[in-house]
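Participant: Numbered continuously in the UniProt record's numbering, the sequence shown closes out at residue 291.
First the structure, then my questions, so here it is.
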Amino acid sequence: MEKQAASTEPQGPRPVLGRESVQVPDDQDFRSFRSECEAEVGWNLTYSKAGVSVWVQALEMDRPLHKIKCRMECCDVPAETLYDVLHDIEYRKKWDSNVIETFDIARLTVNADVGYYSWRCPKPLKNRDVITLRSWLPMGADYIIMNYSVKHPKYPPRKDLVRAVSIQTGYLIQSTGPKSCVITYLAQVDPKGSLPKWVVNKSSQFLAPKAMKKMYKACVKYPEWKQKHQPHFKPWLHPEQSPLPSLALSELSVQHADSLENIDESAVAESREERAGGTGGEGSDDDTSLT
């Protein structure tokens, strides 16, 4: 892959800047993502309790962008275990109760692939899906996994789902000891819809913290689960194990938000089930599936 010419001006992750061609992120992109995860300026703290913090960034008036950052302290989960959990797609189907369908499509390089993910939104909003180019990089005792939306010719938008756009989404996992780490989740997503204010508020005050806590529980149970489910199969660590077909970057194109239908859901009221803390789109705390 040809590197960009050096520039004296600071640059953000190229997906955010709207690159025109699909590229696998390089070291500069990973450094930029890490800086954004660690940045404090411009972020407003909306939740901080029991080791979980959530920040949001002011939304632009003329754009439906939703930008959120969550951080969680994991006192008895090694960084490498959390990294495995985020990669293990079969395990995700067990613990992520928001998932409708998820699968890997193809391999691009030893540390990049293309995948599909659809998820439940708070009722009565329409459910969403994305096609993303995902890349990952171990950095000593730390790890980064990040993605942005692309178009794949065999997976066009579906009529029963709203195709959202990930401008830049990912995780920074930082080791704080042999059996502890801190995870930061950063998401800049265009949900392709004018969302009501209650959705944004609920995401930062309830859904995001709950999702992080559920991830933590999944991490604690992962070593035992993995011992029973192909314990040595970890293609994210051992690329030679990957069963995915190879795909040329030229087969993909950047998914621009303005090319997708915009769904106006700004007037949608929260359902009675959601207000009562129902399970729709949130997931329960039942861990019986993690066995």
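Heads up, the beta-carbon is just placed ideally off N, CA and C, and yes, glycines get one too.
No experiment lies behind these values; they were computed from the predicted model shown.
(1) Please return the same chain residues whose Cβ sits closer than 6 Å to the Cβ of M61, not counting the five positions on each side in sequence.
(2) Taking only the alpha-carbon atoms, compute the straight-line gap between E240 and K228 and give it to the nearest angstrom.
(3) Rounded to a whole number of angstroms, what is the C-alpha to C-alpha distance between E73 and L82?
(4) Which term fits D190, buried or exposed, when burial requires 16 or more other beta carbons within 10 angstroms of its beta carbon?
(5) Consult DSSP for E20 and reduce its assignment to one of helix, strand or coil.
(6) What I want to know is whether the C-beta of Y83 ends up closer than 8 Å to one or more non-hydrogen atoms of the ligand GDP.
(7) State the Cα-Cα distance for the pair S7 and Q28, rounded to the nearest angstrom.
(8) Would you kindly work out how many angstroms separate the C-alpha atoms of M215 and I89, rounded to a whole number?
(9) Among the candidates V162, D160, V52 and I183, whose CA atom is the shortest distance from the CA of G170?
(10) Just list the residues that DSSP pairs E73 with in beta bridges.
(11) For my contact list, L133 and L108 are in at a C-beta cut-off of 8 Å; report their separation, rounded to the angstrom.
(12) Taking the alpha carbon of Q23 as the point to measure from, which residue in L249, S242 and F30 has its own alpha carbon closest?
(13) Which stretch, first to last residue, makes up the beta strand (DSSP E) that contains S53?
(14) Under the three-state reduction of DSSP, which class applies to S203: helix, strand or coil?
(15) Per DSSP, what kind of secondary structure is D113 in: helix, strand or coil?
Facilitator: Straight from the coordinates:
(1) For the purposes of this step, residue 61 is taken as residue 61 along the sequence shown, with counting starting at 1. Since pLDDT at M61 reaches only 49, below the 50 mark, its modelled position is unreliable, and the value read off the structure follows with that caveat. Result list for M61: empty, nothing under 6 Å.
(2) As a position in the sequence shown, residue 240 is number 240, starting the count at 1. As a position in the sequence shown, residue 228 is number 228, starting the count at 1. Computed Cα separation, rounded: 22 Å.
(3) Indexing the sequence shown from 1 puts residue 73 at position 73. Indexing the sequence shown from 1 puts residue 82 at position 82. Using only the alpha carbons, I get a separation of about 12 Å.
(4) In the sequence shown, the residue the question calls residue 190 occupies position 190. Buried is the call here.
(5) Residue mapping note: residue 20 aligns to position 20 of the sequence shown, counting from 1. If DSSP states are grouped into helix, strand and coil, E20 belongs with coil.
(6) Although the ligand GDP was asked about, the structure shown includes no ligands whatsoever.
(7) Residue 7 sits at position 7 when you count from the first residue of the sequence shown. Residue 28 sits at position 28 when you count from the first residue of the sequence shown. The pLDDT assigned to S7 is 38, lower than 50, so where the model puts this residue is not dependable, and the model offers no usable value.
(8) On the sequence shown, residue 215 is found 215 positions in, with the first residue counted as 1. On the sequence shown, residue 89 is found 89 positions in, with the first residue counted as 1. M215 and I89: Cα-Cα distance of roughly 13 Å.
(9) Reading the sequence shown from its first residue, position 170 is the one you call residue 170. Here the closest residue by C-alpha is I183.
(10) For the purposes of this step, residue 73 is identified with residue 73 of the sequence shown, where counting begins at 1. In DSSP, E73 forms a bridge with V182.
(11) Within the sequence shown, numbered from 1, the residue matching residue 133 stands at position 133. Within the sequence shown, numbered from 1, the residue matching residue 108 stands at position 108. About 7 Å; that satisfies the 8 Å criterion.
(12) Taking the sequence shown and counting its residues from 1, the one referred to as residue 23 is at position 23. For Q23, the nearest C-alpha among the options comes from L249.
(13) By one-based count along the sequence shown, residue 53 stands at place 53. V52 to Q57 is the extent of the beta strand (DSSP E) around S53.
(14) Within the sequence shown, the letter at position 203 stands for residue 203. Three-state DSSP puts S203 in a helix.
(15) Numbered from 1 along the sequence shown, position 113 holds the residue referred to as residue 113. In this structure, D113 counts as strand in the three-state DSSP scheme.
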